[in-house]
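Notes to accompany the following structure.
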Amino acid sequence: ILSKNSSLTDGNGRLTVIYYSPEDIDALEQRVTIVAAALIDGTSYQATAEATVYPLLYSTMITVEKERERIISGEVNMLRAQLYAEQGSDWLPLGGAPVVWHFFVGDAEIMERESTTDSRGIATLPFFYSNMDVNATVRAEAVYEQNLSGERDYDGCSASLSFEMMPEKPGDFPVVLIHGWSGSISDALINYTWWNLTKKLQAHHFTVLDFDVTKPGIQWLTYQPEWFEEHHIPWIAARVCEDIQEALVMNGYPPNQTIDIVAHSMGGLVSRFMAEQYGADTDYWNKSWNGTGKPWYGDGDADITVGPFQIDDLIAVGTPCHGVPPNINESFLRKIIKYAYFPWWSGQVADMVYGAPFLSAMGYRGTDLVDYYGVGGDIGIIFGDTPVDFDGDGIPHSSDGLVPAESPYLEGKPFLLLEGKAWPLGEEDHISLIAINDQVHDYILEHLID
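The sequence shown begins at 952 in this note's numbering and counts up one residue at a time.
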């Protein structure tokens, strides 16, 4: 019962009643029953009339366009939809509206994503799909569903486009090798870290990015001494972006060439920052950060210029995504595993301790726009009070001699954990994992394509 009113007939026994339908209904049709009842000499009489109320639907229209006609699996194709709504005789942008994207290869739907229009009615979506093993035509359909829940009711609309996609093969994307905190303090250490993996990559027809084409052989990325001082990981990530883009150009690639990254230890955090904080301004660090916003800030210019639209795979070995305990036994590191002394005042080292502002601001999930793979080692050495379980499987593990075994794990991402011994009894310690462990190298070779 929408309303109930009493009134009287006129001298001719007539009564005219006007029914006003609701201004807005949340259904395609709403049935209304109107009942007229009269009581005459104790007898009740009534009659009914049926009415149907329909929403006032405003027409919509959507257009779509793509950045590229052809991509390699693992590259990003930026898609754009523009949504308009009928406003009298005009078509005006419809902002704040959800656009659902469906992606098909043949009749099979391979992906569904959603984006929201801005004030100009534009919704952008980076298409990223890295598991195409045949040449295929991808059809993308952008759908605005009929919306009856707002102040205005809009009819739905859709539009589609297609583009070609080819499977990735070794050599399509240069592989960038990014070492850890002290990885380039000596030629011997960086050679030990990357030599074996570089040779295996080249033997399998991958291209390792050369950072100095004027010298013979592959010259790997190195951190400059002045990068350390008081600088934090976001600042270093900005310098790495500059070096990567410069190296790409020197090797004949465009600066936005798609790349794969294999990173070790802190290098994985540097790489994650690029993948997850594209466009970040990182000139300064807020030492009094209270959890609001980000602890890094800058002068208004974007410093992170290599991001998820440029990175296909990121394989992080021994990376402390969840941090390291603050009471690492430095005597053990120096005497047994030959690690360099850790200056705990250094900004980057402080960024890697359990609960550090940097780690808290980054979070522990990663981005869906990059294929992330974590690798950890467990040699039975426990740093901190007890073994830890970061991957949530109920089985805590110790460490690789420096980084907790499960610290490279990110929520929902593939994770390889190897248990063993430190060199020379095994190859599961922090540096051997990346330098000489064949299982890790095979895992890298597999997932740079898969």
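All C-beta atoms, glycine included, are put in the ideal place defined by N, C-alpha and C.
Remember, it's a predicted structure, so these values are computed and weren't measured experimentally.
Beta-bridge partners of residue i, as assigned by DSSP
i: Ile1387; result: In the DSSP output, where bridge partners are listed per residue, Ile1387 has none listed.
i: Tyr971; result: Tyr971 pairs with nothing; no bridge assigned.
i: His1155; result: His1155 is not bridged to any residue.
i: Tyr1105; result: Tyr1009 and Asn1098
i: Glu1026; result: Ser1024
i: Phe1114; result: Val1089
i: Ile1079; result: With the sequence shown as reference, residue 1079 is identified as Phe, and Ile is not the correct amino acid for it. Looking at the DSSP assignment, Phe1079 forms a beta bridge with Val1027.
i: Met1062; result: Phe1054
i: His1348; result: Val1339
i: Arg982; result: Thr1003
i: His1273; result: DSSP output for His1273 lists no bridge partner at all.
i: Ala1036; result: Thr1011 and Leu1043
i: Phe1366; result: Gly1325
i: Ser995; result: Leu990
i: His1381; result: Paired residues: none, contrary to the question.
i: Thr1067; result: Pro1049
i: His1215; result: Val1268
i: Ala1074; result: Ala1032
i: Glu1016; result: Arg1031
Burial state of residue i (16 or more Cβ within 10 Å)
i: Gln1038; result: exposed
i: Ser1349; result: buried
i: His1381; result: buried
i: Asn1098; result: buried
i: Val1191; result: buried
i: Pro1355; result: buried
i: Met1156; result: It is His, not Met, that sits at residue 1156 in the sequence shown. The residue is exposed, with fewer than 16 neighbouring Cβ atoms inside 10 Å.
i: Met1313; result: buried
i: Gly1352; result: buried
i: Lys1364; result: buried
i: Ile1395; result: buried
i: Gly1378; result: According to the sequence displayed, residue 1378 carries Glu and not Gly. Classification for Glu1378: buried.
i: Ala1139; result: exposed
i: Glu1119; result: buried
i: Met1029; result: exposed
i: Arg1223; result: buried
i: Gln1175; result: exposed
i: Ile1411; result: Any answer about residue 1411 is impossible in this case: the structure gives the chain only from 952 up to 1401.
i: Asn1388; result: buried
i: Gln997; result: exposed
i: Gly1057; result: exposed
i: Gly964; result: exposed
i: Ala1154; result: exposed
i: Arg1373; result: Residue identity check: residue 1373 is Ala in the sequence provided, not Arg. Label assigned to Ala1373: buried.
Residues near residue i by beta carbon distance below 6 Å, same chain, minus five either side
i: Met1117; result: Ile1023 and Asn1086
i: Trp1296; result: For Trp1296, the pLDDT reaches just 44, beneath the cut-off of 50, and the residue's location in the model is therefore unreliable, although a value from the coordinates is still provided. Cβ neighbours of Trp1296 beyond the five flanking positions: none.
i: Tyr1143; result: Ala1386
i: Ser972; result: Val1004
i: Ala1032; result: Ile1013, Val1015, Val1050, Ala1074 and Ala1093
i: Gly1219; result: Ala1267 and Thr1270
i: Val1321; result: Ala1226, Pro1259, Ile1262 and Leu1265
i: Ile1169; result: Thr1149, Val1159 and Asp1161
Contacts around residue i, its chain only, beta-carbon distance under 8 Å, and the 5 residues preceding and following it disregarded
i: Ile1210; result: Phe1124, Pro1125, Val1126, Val1127, Leu1160, Ile1195, Leu1199, Val1257, Gln1261, Ile1262 and Asp1263
i: Asp1340; result: Ile1346, Pro1347, His1348 and Glu1357
i: Val1221; result: Ile1129, Ile1184, Ile1187, Ala1188, Val1191 and Ala1214
i: Asn1082; result: Ser1024 and Asp1401
i: Glu1065; result: Pro1049, Val1050, Val1051 and Trp1052
i: Gly962; result: none
i: Asn1147; result: Ala1386, Ile1387 and His1392
i: Asn1202; result: Pro1125, Leu1160, Asp1161 and Val1164
i: Gly1046; result: Thr1068, Asp1069, Ser1070, Arg1071 and Gly1072
i: Ser995; result: Ala988 and Ala989
Cβ-based neighbour list, residue i, same chain, cut-off 7 Å, excluding 5 preceding and 5 following
i: Trp1240; result: Pro1246 and Pro1308
i: Ala978; result: Leu1099
i: Ile985; result: Tyr970, Thr999, Ala1000 and Ala1002
i: Gly1249; result: Asp1232, Thr1233, Asp1234 and Tyr1235
i: Lys1017; result: Asn1028, Leu1030, Leu1112 and Phe1114
i: Thr960; result: Leu966
i: Gln1390; result: Leu1369
C-beta neighbour in chain C for residue i, strict 8 Å
i: His1130; result: This model lacks chain C altogether, as it is built from one protein chain only.
For the 8 Å Cβ check, are there 3 or more pairs between the stretch 994 to 1010 and the stretch 1028 to 1047? Under the Cβ criterion (8 Å, minimum of three pairs), the stretch 994 to 1010 counts as touching the stretch 1028 to 1047.
Assess, as a yes-or-no matter, whether the stretch 1299 to 1317 is touched by the stretch 1262 to 1277 under the definition of 3 or more beta carbon pairs within less than 8 Å. A contact exists between the stretch 1262 to 1277 and the stretch 1299 to 1317.
Contact the stretch 1098 to 1113 vs the stretch 1070 to 1085: 3+ CB pairs below 8 Å: In short, these stretches do not touch, since the Cβ pair count stays below three.
May I have a chain-ordered list of the beta strand (DSSP E) segments no shorter than 3 residues that lie completely inside the stretch 1135 to 1199? Along the stretch 1135 to 1199, the beta strand (DSSP E) does not occur as any fully enclosed run of 3 or more residues.
Decide if the stretch 1360 to 1377 is in contact with the stretch 1316 to 1326; the criterion is three or more beta carbon pairs, one per stretch, under 8 Å apart. Of all C-beta pairs linking the stretch 1360 to 1377 to the stretch 1316 to 1326, three or more are shorter than 8 Å, placing the two stretches in contact.
Does the stretch 1078 to 1096 come within contact of the stretch 1166 to 1184, defined as at least 3 CB pairs closer than 8 Å? No, they do not touch.
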